[in-house]
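Student:
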Amino acid sequence: MIKELICIVCPRGCHLEVDLDNNYAVKGNECKRGADYGFKELTNPTRVITSTIKISGGIHKRVPVKTDGAIPKDLNFKCMEVINKLEVTSPVKVGQIVVSNILDTGINVVISRDM
Ligand code: SF4
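For the working numbering, count along the sequence shown from 1 and bump the result up by 715.
1) Measuring alpha carbon to alpha carbon, tell me which of R828, M795, D751 ends up nearest C722.
2) Could you check the C-alpha separation between Q811 and N737 for me, to the nearest Å?
3) Which residue's Cα is closest to the Cα of K755: K781, K788, R828?
4) So, do the segment 737-746 and the segment 787-807 have three or more beta carbon pairs nearer to each other than 8 Å?
5) Taking only runs that begin and end inside the segment 769-829, name each unbroken beta strand (DSSP E) of 3 or more residues, in chain order.
6) Taking I764 as the reference, give the member of K781, H730, K718, S815 with the closest Cα.
7) Would the beta-carbon of E745 be found less than 7 Å away from any heavy atom of the ligand SF4?
8) What does DSSP give as the partner residue(s) for L735 in the beta ladder?
9) From H730 to E719, what does the alpha carbon distance come to, in whole angstroms?
10) For the ligand SF4, is there a heavy atom less than 7 Å away from the beta-carbon of C794?
11) Could you tell me which of V807, I822, R727, I717 sits nearest to I768, measuring between CA atoms?
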């Protein structure tokens with residue numbers, strides 16, 4: 716069985732064909748990153764989450780945050796539920812952890828802009 720995907724690693728957007736019956740062999744990729752993406756997307760899909768949270772005392776009302784690594788894709792919505800409840804007080808620094816080990820993934824949510 717062939718599964719078709721669009722590679723999202725770079726803006727080129729190669730059309731990938733992944734052969735599920737042949738050890739997830741990938742065709743259509745212009746580079747190795749696409750082969751890695753096609754394999755991972757069908758065996759263990761993950762995403763880095765980026766968002767913003769409320770901040771008080773800052774120059775803006777919200778400050779950007781992100782996960783410091785990729786989490787399993789099926790945890791995206793639960794992760795956003797946690798992030799949407801967060802609020803910090805200025806000053807904050809890039810890399811400052813606001814949630815450690817979110818959803819027991821071993822990944823932290825960190826501030827991604829000084830404010
Ligand atoms: S396969 Fe390589 S060139 Fe094509 S979209 Fe993915 S990263 Fe970009």
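Virtual Cβ for every residue (Gly too), placed ideally from N, Cα, C.
Tutor: According to the structure shown:
1) D751
2) Near 43 Å, if we compare the C-alpha coordinates of N737 and Q811.
3) K788
4) In the pairwise beta carbon analysis, the segment 737-746 is classified as not touching the segment 787-807: fewer than three pairs are separated by under 8 Å.
5) 777-782, 802-804, 812-814, 824-826
6) K781
7) yes
8) Bridge partners of L735: none, in fact.
9) 7 Å
10) Flag unset: Cβ of C794 not near the ligand SF4.
11) V807
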